[in-house]
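Colleague: Can you keep this structure in mind? I'll have questions shortly.
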Amino acid sequence: MENNVTSRRNFLATGLAAAAGCANCSCGKSHTHEAQDIQPTGEKVKLLSVDGEVIEVDRAFLKPVPDLPKVSNDIERRGIEGKKFVMVIDLSRCKNVGACKEACNHAHSLHPDHNWIKIDAMQDAEESAPYWQPTTCMHCDNPPCVKVCPVDATFKRQDGIVLIDSDRCIGCRFCMAACPYSTRVFNWGDPQVPEPLASEPYSCETSTPQKIGTVGKCDFCPDMARKGELPHCVSACPNGVFFFGDMNEDSVTNGAETFRFSELVRDKAGYRLMEDLGTKPSVYYLPPVNRNFPFEPKSENKEPTVT
Amino acid sequence: MDDTMSQVSTTSADKIIADLYPRKFGTAGRIWTLVLLVICAIGAYAYYRQLRYGLEVTAMRDYASWGIYISNFVFFVAISLVGSLITAILRLSNARWSTPLTRIAEIIAVSAIVFASIIIIVDMGRPERFMNIFLHLRIQSPIIWDVVVISTYFVISLLLLYLPLLPDLQILTTDPEKNSGFQNKLYRLLGSFWRGTQEQLRICNRSIYILCITIIPVAFTIHTVTSWLFATTFRPGWDSTNFGAYFISGAFLVGGGAVLVAMYLFRRSYHLENYITTDLFDKMGKIVVMLALLYLYFNVNEYLVPAFKMKKPEEIHLHELFAGKYALIFWFAILVGMIFPLIMLLFRKGREPFPAFVAGVMVVVGAWFKRYLIVTPTLLHPFLPITDVPESYRRYFPSWEEWAITMGSLAGALLIITFFARLFPIIPIYETVTERSETHENL
Amino acid sequence: MKTYRALRNVLLLICCPLLIAAQENTAKKEERQSLIYLRYYVINNRVPYLQVQTKNKLGRAFLPQANVSVKIYLNHDADAESLMGQVVTNEKGVATLGLPASLAGKWKEKSNPTFFAHTDSSADFNATQEELSMIKSFLEVDTANEGGARILKARLFKYENNSRVPMAEVDVRLAVKRLGGYLNIGEEESYTTDSTGSAQGEFNRTDLPGDTLGNLDVVALVDDNDEVGTLETQMKVPWGAPGKFESNFNDRSLYATGNKAPLWLMVMAYGCIAGVWSVIIYLITRIIKMKRMARSI
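Chains as they are written, first to last, in UniProt numbering: chain A, 1 to 307; chain B, 1 to 443; chain C, 1 to 297.
Here it is, written out as structure tokens:
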């Protein structure tokens with residue numbers, strides 16, 4: 001055991017994420033590990049290992065959520081390299097609990113009138129069965145909203161996410177008219193963001209704090225993705241309706257279950273909304289077959305609309 | 001024609017100048033101006049409230065995200081097209097009879113385009129960030145095309161208003177006694193360099209000719225691009241390849257209607273019966289008939305073709321227009337805005353000044369509601385059901401602030417026209433004099 | 001499974017209104033019960049840490065409570081010498097804490113350390129305590145090739161008197177680390193360790209995209225085990241397909257940023273603008289020329 005100590009200390013430079021377990025195996029495979037996007041703070045903390053050895057760990061690498069430095073607006077606009085985020089929504093599992101909405105509204109400190117996630121009561125034809133359809137921003141690959149923005153306030157990133165810069169938005173609402181999914185909301189009045197969040201600088205990745213006279217919408221929580229965590233709606237859903245992942249990793253997860261994206265969409269006949277419009281959404285839906293729950297309308301204004 | 005010719009023989013240049021010279025407001029003029037100023041002030045107060053509390057003071061919400069500001073904007077852009085129609089198209093086609101109308105048309109165009117720009121700023125959630133449009137310009141956005149083309153059209157319209165005014169300014173400055181000090185200063189500032197030499201005349205006429213050619217494509221672009229603000233989206237009622245032509249034809253119609261209204265009002269208030277003749281109403285009436293038919297044709301295209309197919313997203317939209325919530329406004333806009341004036345103006349009696357004026361008013365009012373129908377119902381018929389929003393988000397009826405600002409903008413446009421007519425001859429004096437003497441010589 | 005889920009969701013459905021009602025009445029409710037949850041983590045056999053979660057139970061609802069100060073002791077409860085530290089829970093009611101170097105002696109005392117957590121009474125939280133005993137353990141991961149099959153092996157040991165003893169009958173997940181989750185290497189959800197502490201499974205995710213070289217991060221994972229807590233050991237293996245990260249981000253397109261507008265659009269738009277404005281500028285020069293003429297007369 002002792003002879004491993006030195007080799008283990010060498011890993012400190014690459015941080016906690018390094019595959020230290022391999023120090024004990026003579027497999028000779030590549031042990032190097034890129035230290036993701038985390039920047040060391042330079043502030044070391046002395047901690048004990050399981051063996052009782054003293055190990056210096058940079059504060060930035062302390063688990064479970066590393067302290068990420070605030071990224072600049074320029075980096076926020078370019079997005080995370082090598083990623084292509086995707087969401088899969090399993091309609092057979094949704095029973096309109098609304099936990100996704102609540103978590104999202106809370107995480108982004110939205111105005112009480114606003115919901116970035118909407119749960120539509122759908123019925124495709126008069127004789128077909130009704131079902132619940134949660135909608136987020138589709139983060140289209142051919143985004144109609146981005147095309148029409150006059151000032152680059154809404155933009156498409158290399159990781160596929162469409163975000164809004166509320167410090168630049170002029171409030172013309174052309175993007176709202178352009179979006180066929182009606183996903184965008186507008187801060188008509190004061191967004192009623194509580195302090196101290198309200199006086200913090202705006203971040204495109206957290207979409208907070210919302211600002212009066214500007215547009216808001218679902219942002220796929222890239223700040224969470226940077227930390228390796230899932231968007232708030234995904235982790236909040238008690239029924240595992242939402243799956244999130246990276247198309248470049250070919251996997252999606254709802255936290256508890258993880259699937260290969262290509263297999264899931266192939267086996268369950270995944271589809272995207274309004275494919276005919278050519279918007280190329282990043283959100284896939286699994287059809288509401290073999291449903292876990294019956295459809296129960298909750299209130300009068302939630303009668304399914306035949307669309 | 002007989003009418004005009006008989007007048008020519010009895011009208012000397014001095015009489016023309018005396019008739020067309022800008023006049024002080026009478027009692028009616030004062031009341032009119034005061035009323036307009038009050039409406040503007042109420043609008044300004046409403047806008048102050050909007051700046052203070054945000055767009056929350058409007059009835060617009062996430063689904064009806066554009067409201068009467070945008071319909072009013074489209075209306076203004078539409079009406080501004082008349083400048084190019086009367087001045088450019090008729091001038092280029094050598095329709096000399098339109099000369100008395102050119103300045104009326106141009107000032108309508110300029111004031112409308114000014115308020116189109118103002119109203120679009122009013123609609124912005126963050127008007128203080130207007131400069132972002134230039135700092136972070138994104139040429140892909142139809143809004144940028146609109147900003148560019150509106151400012152271009154404004155400059156061209158201003159030039160087209162200004163250049164023909166030069167000879168008149170010389171006439172106006174010949175006797176400073178007749179004018180107030182401010183007027184003299186203004187005239188000197190604008191036209192002191194004008195001597196009326198052959199060379200100056202040649203340059204001026206040539207410039208006007210170039211302007212007339214340039215303004216036509218720019219005018220077509222301004223309204224086509226405005227239609228693209230809608231047609232570049234997917235929404236039912238907007239997703240149409242017909243939209244540019246549909247908007248332009250509608251714009252010409254409302255412009256024609258506005259000219260009829262303005263002609264009658266100027267004729268009455270300034271006693272211009274010898275200049276804005278019944279014959280002019282007859283000719284303008286015929287043009288409006290043609291424009292109404294053209295617009296009707298595009299309307300049939302715009303509604304019949306989708307109604308024939310009844311695609312699902314279009315279905316609710318069209319049903320609400322034809323027989324639902326919007327049926328009253330829809331049929332009002334179609335009947336009062338197009339069909340009734342069309343029928344009235346078909347008859348010689350209907351092209352008399354007063355009936356033509358009534359037809360013009362119908363066209364203009366109908367056109368305003370038509371713009372409302374283009375904007376609002378479509379937004380309230382989204383592809384996905386309206387979900388998870390407060391009840392107030394499901395419908396749209398403008399708040400008092402929106403009405404006040406809209407009315408204020410309309411009043412403001414009328415104010416510009418009113419003040420212009422107070423300061424400058426609303427009928428070109430120089431051109432009228434030369435044309436009448438030419439006609440006289442030809443006799 | 002289905003009935004269980006249905007049952008759970010019925011429960012959730014009942015809880016939902018209660019949860020909302022509970023939130024509204026926080027101030028009034030006297031029967032608040034404050035709870036501390038402790039979880040023990042070791043990632044890559046390195047520094048162990050505790051995750052502390054504070055929740056209030058109001059009626060049937062469990063609500064995370066933020067801003068609670070929690071004191072944690074190692075082995076000797078309420079002994080100032082054994083204080084691991086004091087943490088304040090974040091907005092999700094969670095805080096984490098590692099073992100400070102000063103406790104090296106205390107840590108080496110026992111192979112099954114006990115953690116004691118305490119809170120003081122406050123407006124938001126009651127005075128309460130919780131303890132957690134864990135066995136010091138070691139999770140090892142390795143690969144093997146058995147007849148062409150790619151095998152991932154995990155071995156679990158516990159420390160007894162400074163020596164490692166294999167642990168049997170513990171469920172270990174073998175998976176590939178993905179964004180926000182773990183993709184199982186095969187069909188099996190988990191594998192149970194045998195008497196040698198080993199568990200192994202075959203990797204059969206063909207062409208699973210890895211990094212640009214085709215490397216994957218595979219992990220052995222013990223999830224919230226009663227004896228050893230949560231253990232995760234990672235390793236990089238070249239079993240994936242080289243990832244292709246294509247992006248049209250830098251291409252010119254209608255949805256790109258303003259500086260990446262399509263050339264055809266720029267030519268058309270700026271061409272039109274230049275054309276019309278050169279006419280306007282020409283006309284303005286004409287006006288200036290007319291002014292000059294006036295001067296020369």
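Ideal Cβ positions, reconstructed from N, Cα and C, are used throughout, including at glycine. Since the structure is predicted, the reported quantities are computational estimates derived from the model, not experimental observations.
Between the Cα of B/Y47 and the Cα atoms of B/S409, B/T197, B/S84, B/S65, which residue gives the shortest distance?
Modeller: B/S409
Colleague: From what residue to what residue does the beta strand (DSSP E) around C/Y40 run?
Modeller: 33 to 43
Colleague: Report yes if the C-beta distance between B/A421 and B/C40 is below 8 Å; otherwise report no.
Modeller: No, the Cβ-Cβ distance between B/A421 and B/C40 is not below 8 Å.
Colleague: With 9 Å as the C-beta to C-beta threshold (strictly closer), list the residues of the region 209 to 230 of chain A near chain B in chain order.
Modeller: The residues in question are K211, I212, G213, T214, V215.
Colleague: Cutting at 7 Å between CB atoms, please list the residues of its own chain near B/I276, excluding the five before and the five after it.
Modeller: P100, M263, F266, R267
Colleague: What are the uninterrupted segments assigned as alpha helix (DSSP H) that are 4 or more residues long and contained completely in the region 61 to 120 of chain C, given in chain order?
Modeller: 104 to 109
Colleague: Apart from the five residues just before and just after A/M176, which ones in its own chain have a Cβ nearer than 6 Å to its Cβ?
Modeller: R184
Colleague: Three or more C-beta pairs under 8 Å: does that hold for the region 19 to 28 of chain B against the region 330 to 343 of chain B?
Modeller: no
Colleague: If you measure beta-carbon to beta-carbon, which residues of the region 403 to 418 of chain B are closer than 8 Å to chain A?
Modeller: Within the region 403 to 418 of chain B, no residue has its Cβ closer than 8 Å to any Cβ of chain A.
Colleague: Cβ of B/F424 within 8 Å of Cβ of B/F369?
Modeller: no
Colleague: Please state if the CB of A/L286 and the CB of A/S128 are separated by a distance shorter than 8 Å.
Modeller: no
Colleague: In chain order, what residues of the region 373 to 396 of chain B put their CB closer than 9 Å to some CB of chain A?
Modeller: T378, L379, P382, F383, L384, P385, I386, T387, D388, V389, P390, E391, S392, Y393, R394
Colleague: So which residues of chain A does C/Y255 contact, with C-beta pairs closer than 7 Å?
Modeller: N142, P143, V146, K147, K156
Colleague: With C/Y191 and C/V172 assumed to form a contact (beta carbons below 8 Å), what rounded beta-carbon distance in angstroms separates them?
Modeller: Going by Cβ atoms, the distance from C/Y191 to C/V172 rounds to 5 Å, so yes, they are a contact pair.
Colleague: Measure the Cβ-Cβ separation of C/Y67 and C/T96 and say whether it is below 8 Å.
Modeller: Note that residue 67 of chain C is Asn in the sequence shown, not Tyr. The Cβ atoms of C/N67 and C/T96 do not sit closer than 8 Å to each other.
Colleague: Does chain C have any CB closer than 8 Å to the CB of B/R195?
Modeller: Contacts with chain C at 8 Å (Cβ-Cβ) include B/R195.
Colleague: Check whether chain A comes within 8 Å of B/G244, counting only Cβ atoms and requiring the distance to be less than that.
Modeller: no
Colleague: Where does A/S166 fall in DSSP's three states?
Modeller: coil
Colleague: Are the region 278 to 292 of chain A and the region 380 to 396 of chain B in contact at 8 Å, needing three or more beta carbon pairs?
Modeller: no
Colleague: Could you give the DSSP three-state label for C/R292: helix, strand or coil?
Modeller: DSSP, read as helix, strand or coil, puts C/R292 in helix.
Colleague: Among C/Y255, C/I284, C/K110, C/G243, which one has its Cα closest to the Cα of C/S163?
Modeller: When the alpha-carbon of C/S163 is set against those of C/Y255, C/I284, C/K110, C/G243, the nearest one is in C/K110.
Colleague: Relative to the C-alpha of B/H381, which candidate in A/C204, A/F261, A/C179, A/D276 has its C-alpha closest?
Modeller: A/C179
Colleague: First and last residue of the beta strand (DSSP E) that includes C/E232?
Modeller: 229 to 237
Colleague: From C/D251 to C/D211, what distance separates their C-alpha atoms?
Modeller: 23 Å
Colleague: Would a C-beta distance cut-off of 8 Å place A/D190 and A/S207 closer than the cut-off?
Modeller: No, the Cβ-Cβ distance between A/D190 and A/S207 is not below 8 Å.
Colleague: Quick one: list the residues of chain A neighbouring C/A104, beta-carbon separation under 7 Å, in chain order.
Modeller: L48, G52, V54
Colleague: Would you mind telling me which residues of chain C sit closer than 7 Å to residue 445 of chain B, beta carbon to beta carbon, in chain order?
Modeller: Lying before the first or after the last residue shown, residue 445 of chain B is absent from chain B, which here runs from 1 to 443.
Colleague: Could one say the Cβ of A/I164 lies closer than 8 Å to chain B's Cβ atoms, at least one of them?
Modeller: no
Colleague: Could you compute how far the alpha carbon of A/F11 sits from the alpha carbon of C/R150?
Modeller: For A/F11, the predicted structure reports a pLDDT of 36, less than 50, and the residue's modelled location is therefore unreliable. A value from the coordinates is still provided. So the alpha carbons of these two residues sit roughly 27 Å apart.
Colleague: For chain C, check one thing: does any of its Cβ atoms lie closer than 8 Å to the Cβ of A/D246?
Modeller: yes
Colleague: List the residues of chain C whose Cβ lies closer than 7 Å to the Cβ of A/R173, in chain order.
Modeller: Listed by position along chain C, the residues whose Cβ is nearer than 7 Å to that of A/R173 form an empty set, because the closest Cβ is around 18 Å away.
Colleague: Does C/A241 have its Cβ less than 8 Å from a Cβ in chain B?
Modeller: no
Colleague: Please go through the same chain and pick out, in chain order, the residues whose beta-carbon is closer than 8 Å to the beta-carbon of C/F138, but skip the five residues on each side of it.
Modeller: N45, L156, F157, K158, Y159, R164
Colleague: So, does the CB of A/R260 fall closer than 8 Å to a CB anywhere in chain F?
Modeller: No chain F appears in this structure, whose protein chains are A, B and C.
Colleague: Does any heavy atom of the ligand MG sit closer than 7 Å to the C-beta of B/L380?
Modeller: No copy of the ligand MG occurs in the structure displayed, which carries no ligand at all.
Colleague: Would you kindly report the start and end of the unbroken alpha helix (DSSP H) that includes B/T27?
Modeller: 27 to 53
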